[in-house]
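Colleague: Just remember that this note's numbering sits 55 ahead of the position in the sequence shown, which is counted from 1. This is the structure I want to talk about, given as structure tokens.
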Amino acid sequence: LINPWEKFMEKYDIEKVHGSGIRVDLGEDARVENQDYRIPSGKCPVMGKGITIQNSKVSFLTRVATGNQKVREGGLAFPQTDVNISPITIANLKLMYKDHKEILALNDMSLCAKHASFYVPGTNVNTAYRHPAVYDKSNQTCYILYVAAQENMGPRYCSNEEDNENQPFCFTPEKKDEYKNLSYLTKNLREDWETSCPNKSIQNAKFGVWVDGYCSEYQKKEVRDSNSLSDCSKIVFDESASDQPKQYEKHLEDTAKIRRGIVDRNGKLIGEALLPIGSYRADQVKSKGKGYNWANYDKKEKKCYIFNKKPTCLINDKNFVATTALS
Numbered sequence: 056l057i058n059p060w061e062k063f064m065e066k067y068d069i070e071k072v073h074g075s076g077i078r079v080d081l082g083e084d085a086r087v088e089n090q091d092y093r094i095p096s097g098k099c100p101v102m103g104k105g106i107t108i109q110n111s112k113v114s115f116l117t118r119v120a121t122g123n124q125k126v127r128e129g130g131l132a133f134p135q136t137d138v139n140i141s142p143i144t145i146a147n148l149k150l151m152y153k154d155h156k157e158i159l160a161l162n163d164m165s166l167c168a169k170h171a172s173f174y175v176p177g178t179n180v181n182t183a184y185r186h187p188a189v190y191d192k193s194n195q196t197c198y199i200l201y202v203a204a205q206e207n208m209g210p211r212y213c214s215n216e217e218d219n220e221n222q223p224f225c226f227t228p229e230k231k232d233e234y235k236n237l238s239y240l241t242k243n244l245r246e247d248w249e250t251s252c253p254n255k256s257i258q259n260a261k262f263g264v265w266v267d268g269y270c271s272e273y274q275k276k277e278v279r280d281s282n283s284l285s286d287c288s289k290i291v292f293d294e295s296a297s298d299q300p301k302q303y304e305k306h307l308e309d310t311a312k313i314r315r316g317i318v319d320r321n322g323k324l325i326g327e328a329l330l331p332i333g334s335y336r337a338d339q340v341k342s343k344g345k346g347y348n349w350a351n352y353d354k355k356e357k358k359c360y361i362f363n364k365k366p367t368c369l370i371n372d373k374n375f376v377a378t379t380a381l382s
């Protein structure tokens, strides 16, 4: 029997449609000033993804510290520039690109990603390095992130001491209520993301696998207690595909160099500053989108079932919601 769900379920083949990490996306390499760096490269937006700076009231969408600022005063977003490029509203982006019809034809999120992709570090015009972006639908604002890293944890690489203002801060990617209007974007965002990516959860259904003419339940799955769909979304995101290195070669702590690189527009310094803190050559983790990316949430029993095999069909069930780490 032919699987009637086959076409509809194509967008849930996350390895194929997204192709990179979700929780931490560092799926591509780019060269700047004869040095290789890792950058986000996922093709779908990660809905509701934000980055939490530990023990800090500063949002990651705050501009990175420059000049005489203490490191802890800044976030992870692009610094002030002569012509404002970030943060910038969609209305102002449309004014900026008013003479480019093909850019104006893009939807708001694609416009944000395209805008971020136009900026290259330093004087390296031929580099493939591009900055990730965040779109906030609550105020239709586009942020370019200066820092490509999404996680920096562990005593050797960061400090959680609030009074240590010039030590690199610890941060980690999360899905939580305050990030519900945000979407994390890369230079590779698909123009057809609205139809080809799993952006929304599916109510009254659960994921299954098509076997011998039937949509069957998953045999192999992980089970977690979960009080809400929101909690289940956080669980599957935390267990999803990740490109985060397991080890680092050295500790790059020279934050003065980072700030000076931004201010001086010195290509080499900027190149070094772009490196997610630590060096990744020792441990090049590239998930290519493989991970526990899918979940069935049981509203009645308050359970979150997560699995690492792509679903190929849906089972109608009023007690369930099918969701993904991208949704």
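We put the beta carbon where it would ideally sit given N, CA and C, even for glycine. The model shown is predicted, which means the values in this text are computed figures rather than measured ones.
According to DSSP, simplified to helix, strand and coil, what is cysteine 167?
Modeller: Cysteine 167: helix per DSSP, three-state reduction.
Colleague: For glutamine 299, does the count of other Cβ atoms within 10 angstroms reach 16, so buried, or fall short, so exposed?
Modeller: Buried, by the Cβ-count rule.
Colleague: In the DSSP assignment, what are the bridge partners of alanine 18?
Modeller: Since the displayed the chain opens at 56 and closes at 382, residue 18 lies outside it and no answer follows.
Colleague: Please report the residue range of the alpha helix (DSSP H) in which tryptophan 248 lies.
Modeller: That run of the alpha helix (DSSP H) goes 248 to 251.
Colleague: Here's the rule: buried if 16 or more other CB atoms are within 10 angstroms of the residue's CB, otherwise exposed. What is isoleucine 145?
Modeller: Buried.
Colleague: Looking at serine 382: is its Cβ nearer than 8 Å to the Cβ of serine 251?
Modeller: Contact flag unset, no.
Colleague: Could you tell me if histidine 73 is buried or exposed, where buried requires 16 or more neighbouring beta carbons within 10 angstroms of its beta carbon?
Modeller: The residue is buried, with at least 16 neighbouring Cβ atoms inside 10 Å.
Colleague: Spell out the partners DSSP gives serine 271 in its beta bridges.
Modeller: Looking at the DSSP assignment, serine 271 forms a beta bridge with Val264.
Colleague: Can you tell me whether cysteine 213 sits near the ligand HEM, meaning its C-beta is under 7 Å from at least one heavy atom of the ligand?
Modeller: In the structure on display, the ligand HEM does not appear, and there are no ligands present to speak of.
Colleague: Beta-carbon within less than 8 Å of glycine 263's beta-carbon, same chain only, minus the 5 sequence neighbours each way: which residues are those?
Modeller: Same-chain partners within the cutoff: Cys270, Ser271, Glu272, Tyr273, Pro366, Thr367, Cys368, Leu369, Ile370.
Colleague: For threonine 241, tell me which candidate among Pro228, Cys197, Arg185, Asn194 has the shortest Cα-Cα distance.
Modeller: Of the candidates Pro228, Cys197, Arg185, Asn194, the one whose C-alpha sits nearest the C-alpha of threonine 241 is Arg185.
Colleague: Can you tell which of Asp80, Gly103, Lys104, Val101 has the C-alpha that lies nearest to the C-alpha of arginine 93?
Modeller: Looking at the Cα atoms, Asp80 is the closest of the given residues.
Colleague: Tell me where the beta strand (DSSP E) around lysine 230 begins and ends.
Modeller: Element bounds for lysine 230: 226 to 230.
Colleague: Per DSSP, glutamine 258 forms a beta bridge with which residues?
Modeller: For glutamine 258, which the question treats as bridged, DSSP gives the partners Val376.
Colleague: Any contact of the region 174 to 188 with the region 94 to 102, i.e. 3+ C-beta pairs under 8 Å?
Modeller: Output reads yes: the region 94 to 102 touches the region 174 to 188.
Colleague: Does DSSP put methionine 208 in a helix, in a strand, or in coil?
Modeller: Residue state, collapsed to three classes: coil.
Colleague: What residue range is occupied by the uninterrupted beta strand (DSSP E) comprising serine 238?
Modeller: It spans 237 to 240 - the beta strand (DSSP E) in which serine 238 sits, taken as one unbroken run.
Colleague: So if DSSP puts threonine 144 in a beta bridge, which residue, or which two residues, is it bridged to?
Modeller: DSSP lists Thr196 as partners of threonine 144.
Colleague: Determine the direct distance from the alpha carbon of lysine 231 to that of methionine 164, and round the result to whole angstroms.
Modeller: When rounded, the distance between both Cα atoms is 20 Å.
Colleague: Grouping DSSP H, G and I as helix and E and B as strand, with all else coil, what is glutamate 277?
Modeller: Three-state result, glutamate 277: strand.
Colleague: Determine the DSSP secondary structure at serine 382, reduced to helix, strand or coil.
Modeller: Correct three-state label for serine 382: coil.
Colleague: Under the DSSP definition of a beta bridge, which residues are partnered with asparagine 282?
Modeller: Asparagine 282 pairs with nothing; no bridge assigned.
Colleague: Does the contact criterion of 3 or more C-beta pairs under 8 Å hold for the region 160 to 175 versus the region 195 to 203?
Modeller: In short, these stretches touch, since the Cβ pair count reaches three.
Colleague: Helix, strand or coil for leucine 161, going by three-state DSSP, please let me know.
Modeller: Coil.
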